[in-house]
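Remarks on the structure that follows.
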Amino acid sequence: MEKMKLTGYSDKNFKNEIGNMVVQIVPKEYKGKKGIKYETGQEGGQNVQSPAFTGQQNEELILDFSFDCTGAIEGTKDSDTIESKLKQLDSIVYQYNGDKHEPSYVQVAWGTFLFKGRLKEMQTTFGLFTPEGVPLRAKVNLTFIQFVSAEKAVKLANNQSPDMSHLVTLKDGDSIAMLCQKIYGDSTLVDEVAKINGLCGFRRIKPGTLLLFPHLRKDG
Numbered sequence: 058m059e060k061m062k063l064t065g066y067s068d069k070n071f072k073n074e075i076g077n078m079v080v081q082i083v084p085k086e087y088k089g090k091k092g093i094k095y096e097t098g099q100e101g102g103q104n105v106q107s108p109a110f111t112g113q114q115n116e117e118l119i120l121d122f123s124f125d126c127t128g129a130i131e132g133t134k135d136s137d138t139i140e141s142k143l144k145q146l147d148s149i150v151y152q153y154n155g156d157k158h159e160p161s162y163v164q165v166a167w168g169t170f171l172f173k174g175r176l177k178e179m180q181t182t183f184g185l186f187t188p189e190g191v192p193l194r195a196k197v198n199l200t201f202i203q204f205v206s207a208e209k210a211v212k213l214a215n216n217q218s219p220d221m222s223h224l225v226t227l228k229d230g231d232s233i234a235m236l237c238q239k240i241y242g243d244s245t246l247v248d249e250v251a252k253i254n255g256l257c258g259f260r261r262i263k264p265g266t267l268l269l270f271p272h273l274r275k276d277g
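Here our numbering is used: the first residue of the sequence shown is 58, the next is one more, and so on.
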């Protein structure tokens, strides 16, 4: 059976490999996690919070696998220890990488499955000890957060697109006309945006006001 492989890279292009590790025992399962980001704000003085979509969260990969240094697993060397296995894993997914002072980029490959990301969290549970207290088994739980390049993020989110709704907190110096120009490319939509937000007009709006800029279909 093909085993899972973790490979660390020093660069976001996943070109400069710093090390790799084949998982000793094939995991029984792995978990994927997706999420949606919302911004909540009060509308028209209402107490009820109205969530507005702001984007997708980076996917997460959750892995559970074990190390066994009892000698029961085929291919285990006499020199293998739980400490050395964890040290190798740390060097790939956890330790700071050179002068960059940040952890590596990690690729997880198993058969046709491929995930690229960075470590978010790592937990280790030790079990089965020698009379001297040396652990012979360890269960590792890793959570990776997906890495998406800036170019791909723009393609996926396209947050400047007029085809998406935007929830914007008005800042000092902002105006609805300026934001309409930025979001829609058309400052003449100010009256429509003001009406949608229940405003009497589009001038002299207080900083801190939460405004909805929905997808608007322009004539022509």
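C-beta atoms are modelled at their ideal positions from N, C-alpha and C, and glycine is treated no differently.
Checklist entry - Hey, G174 and F201 are a contact pair by Cβ (cut 8 Å); roughly how many whole angstroms apart? => result Contact check for G174 and F201: beta-carbon distance about 4 Å, within the 8 Å limit, so the pair qualifies.
Next on the checklist: DSSP has I93 in a bridge; who is on the other side?
Outcome noted: Bridge pairing for I93: Q113 [DSSP].
Next on the checklist: Are the CB atoms of V197 and L63 within a distance shorter than 8 Å?
Outcome noted: Taking a C-beta distance under 8 Å as the contact criterion, L63 and V197 do not qualify as a contact pair.
Next on the checklist: If you follow the alpha helix (DSSP H) that E189 is in, where does it begin and where does it stop?
Outcome noted: Neither: E189 is in no alpha helix (DSSP H) and is coded neither H nor E.
Next on the checklist: Just verifying my parser: in three-state terms, what is the DSSP assignment at L176?
Outcome noted: Three-state DSSP puts L176 in a strand.
Checklist entry - Is the number of C-beta pairs between the segment 69-80 and the segment 146-166 that are closer than 8 Å three or more? => result Output reads yes: the segment 146-166 touches the segment 69-80.
Checklist entry - Do D125 and Q81 come within 8 Å of each other at the CB atom, strictly closer than that value? => result It is a contact, given that the beta carbons lie within the stated cut-off.
Item to check | Where the beta strand (DSSP E) through K62 begins and ends | outcome: Note, K62: beta strand (DSSP E), K62 to Y66.
Checklist entry - In three-state terms, what does DSSP make of K72? => result The answer is coil: DSSP assigns K72 none of H, G, I, E or B.
Next on the checklist: Does A251 come out as helix, strand or coil in the three-state DSSP assignment?
Outcome noted: Collapsing the DSSP output to three states places A251 in a helix.
Next on the checklist: Closest to L193 by C-alpha separation, out of T181, S107, K252 and Q203, would be which residue?
Outcome noted: Of T181, S107, K252 and Q203, the residue nearest in Cα terms is T181.
Next on the checklist: If the criterion is Cβ atoms closer than 8 Å, does the pair S161 and G65 meet it?
Outcome noted: Closer than 8 Å, so yes.
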